[in-house]
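Enquirer:
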Amino acid sequence: MNTFQAMVLDKIGDQTKLEIKQLRIDDLSEGEVTIRVAYSSVNFKDGAVAINNQFVESYPLVPGIDLAGTVIASTDKRFKTGDEVIVTSYKLGTGHSGGFSEVARVPAEWVVPLPEGLSLKEAMILGTAGFTAALSVQRLEDNKLEPDQGPVLVAGATGGVGSIAVNILAKRGYEVVASTGKSSEIDYLKELGAKHIINRNEIIDTDQTPIREEKWAGAIDPVGGKTLQYILSTLKYGGSVATCGLTGGVAVSTTVIPPISRGINWLGIDSVECPMDKRLKVWKRLGDDFKPTTLNKDLVNEISLKELPEVLTNILDGKVRGRTLVKL
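Taking the working numbering, the leading residue of the sequence shown gets 41, the next gets one more, and so forth.
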């Protein structure tokens, strides 16, 4: 393969441009493992990179923080031609050529062998969003969350992280309460396993009340901001919230009252620099007991590179539900 297609973000003066280009291997960032990409996926962070030019370390850049494919060359003995692999997070698609390309070249220490129980397509239906959702559930359960303790809230439930989190939790027997601003998606969330659906406006802190009636044994929050403020004020005694996103803003105004009066746990979820031993454990569970039941259903929308710019804009505007795959 002398040339291949990739979506490239470049900057000339003060203007940025996102377009499909023909590249050669030498145009890519350095790395020990070269991969023929089968699928990438579209995340909120991809939109922030490609449309808002956030997190970009240098230009030109191939965005895409996820990829799954087959090794076509490797100078690292851990990987050989024909191996099926996943790469997510680290600097992929922000400071290193990413997944929106037919070919990728990455450092060997970023590469995860495809877990048993997952296809390449399923791995990218999951991607960073699925890994983040699974890591959130793992952390909640590490902090002693169990299904008989009461309802678990998932904020931003129609997004990539939220959709998969709802399904994993429901599969594991939790009473899931899904929050969304989209009344048209009630049936979709019920199909994922949500027992109750509430409007996102019901879980926004509008008056900075530090503590309210106890409601949730646990919560997964990809939203942040005033939604997180509300969650912190309504967790049950000893409850935990896994914070894994910022679609609702980065500023959080609260007090020490919830932690010291109810013993709650505010758990930060980092999927970017997550250590490889933990990363491998979570990916293995995503092919096993954490594997969602809806991977080939309405959760998934498949697109081409040509359709990608529109989807990247829509995901920033909250107009994308579930997971969108880029087939390469």
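Backbone N, C-alpha and C define an ideal beta-carbon position, used for all residues, glycine too.
Quick test of the definition: if touching needs 3 or more C-beta pairs under 8 Å, does the segment 311-321 touch the segment 211-230?
Expert: No, the segment 311-321 is not in contact with the segment 211-230.
Enquirer: Is DSSP giving F171 helix, strand or coil here?
Expert: For the purposes of this step, residue 171 is taken as residue 131 along the sequence shown, with counting starting at 1. In this structure, F171 counts as helix in the three-state DSSP scheme.
Enquirer: Just to confirm my understanding: we take I374, look at its own chain, exclude 5 residues before and 5 after, and list those with CB closer than 7 Å. What are they?
Expert: Because the chain here runs from 41 to 368, residue 374 falls outside it and cannot be looked at.
Enquirer: Report the residue from I355, S344, D329 whose alpha carbon sits nearest the alpha carbon of E59.
Expert: Within the sequence shown, residue 59 is the residue found at index 19, counting from 1. When only C-alpha atoms are compared, the closest one is S344.
Enquirer: Within this structure, are the beta carbons of D123 and S114 separated by less than 9 Å?
Expert: Along the sequence shown, one-based indexing puts residue 123 at 83. Along the sequence shown, one-based indexing puts residue 114 at 74. Going by C-beta atoms, D123 is nearer than 9 Å to S114.
Enquirer: In terms of residues, what are the limits of the alpha helix (DSSP H) holding G87?
Expert: On the sequence shown, residue 87 is found 47 positions in, with the first residue counted as 1. Unbroken alpha helix (DSSP H) run through G87: 84-90.
Enquirer: In this structure, does DSSP put P298 in helix, strand or coil?
Expert: Working through the sequence shown from its first residue, we reach residue 298 at position 258. DSSP places P298 in helix when its eight states are reduced to three.
Enquirer: Let me know the secondary structure DSSP gives T134 once reduced to three states.
Expert: By 1-based counting over the sequence shown, the position of residue 134 is 94. Looking at T134 - three-state DSSP - the assignment turns out to be coil, as it is neither helix nor strand.
Enquirer: Please determine if the segment 289-298 and the segment 322-341 are in contact, where contact requires at least 3 C-beta pairs separated by less than 8 Å.
Expert: Segments in contact, no.
Enquirer: Per DSSP, what are the beta-bridge partners of K51 in this structure?
Expert: Position 11 of the sequence shown, counted from the first residue, corresponds to residue 51. BP columns for K51 point to T56.
Enquirer: Go ahead and label K85 buried or exposed: buried means 16 or more other beta carbons lie within 10 angstroms of its beta carbon, across all protein chains shown.
Expert: For this step, residue 85 is matched to residue 45 along the sequence shown. The residue is buried, with at least 16 neighbouring Cβ atoms inside 10 Å.
Enquirer: If you measure between the beta carbons of L154 and V125, is that distance less than 9 Å?
Expert: Sequence index remark: in the sequence shown, residue 154 carries index 114 (1-based). Sequence index remark: in the sequence shown, residue 125 carries index 85 (1-based). Yes.
Enquirer: L229 and A205 look like a contact to me (Cβ under 8 Å); what is the Cβ gap, rounded to whole Å?
Expert: As a first step, residue 229 is located in the sequence shown; it is residue number 189 there, counting from the start. As a first step, residue 205 is located in the sequence shown; it is residue number 165 there, counting from the start. About 11 Å; that fails the 8 Å criterion.
Enquirer: So, is I52 buried or exposed, given that buried needs 16 or more other C-beta atoms within 10 angstroms?
Expert: As a working mapping, residue 52 is identified with position 12 in the sequence shown. By the neighbour-count rule (16 or more Cβ atoms within 10 Å), I52 is not buried but exposed.
Enquirer: Please tell me whether I244 and V194 are closer than 9 Å, where the distance is taken between their beta carbons.
Expert: Along the sequence shown, read from residue 1 onward, the residue named residue 244 stands at position 204. Along the sequence shown, read from residue 1 onward, the residue named residue 194 stands at position 154. Taking 9 Å as the Cβ cut-off, I244 and V194 do not qualify as a contacting pair.
Enquirer: Where I112 and I75 are concerned, what is the direct C-alpha to C-alpha distance, given to the nearest angstrom?
Expert: By one-based count along the sequence shown, residue 112 stands at place 72. By one-based count along the sequence shown, residue 75 stands at place 35. Roughly 5 Å between the two C-alpha positions.
Enquirer: Could you tell me whether the Cβ atoms of K346 and Y79 are closer together than 9 Å?
Expert: Mapped onto the sequence shown, residue 346 falls at position 306. Mapped onto the sequence shown, residue 79 falls at position 39. Cβ atoms of K346 and Y79: not closer than 9 Å.
Enquirer: Under 8 Å: do the segment 61-74 and the segment 135-150 share three or more Cβ pairs, one atom per stretch?
Expert: With a cut-off of 8 Å, the segment 135-150 and the segment 61-74 count as touching, because enough Cβ pairs lie within range.
Enquirer: For the beta strand (DSSP E) containing E342, name the first residue and the last one.
Expert: As a working note, residue 342 is residue 302 in the sequence shown. Counting along the chain, the beta strand (DSSP E) containing E342 begins and ends at 340-343.
Enquirer: So, at 8 Å on beta carbons, what are the nonlocal neighbours of W306 in its own chain, with the 5 sequence-adjacent residues on each side left out?
Expert: Start at 1 with the first residue of the sequence shown, and residue 306 comes out as number 266. Excluding sequence neighbours, W306 sits near L272, S280, V281, T283, P299.
Enquirer: Check for me: the alpha helix (DSSP H) holding D227 runs from which residue to which?
Expert: The count along the sequence shown starts at 1 and reaches residue 227 at position 187. Unbroken alpha helix (DSSP H) run through D227: 226-232.
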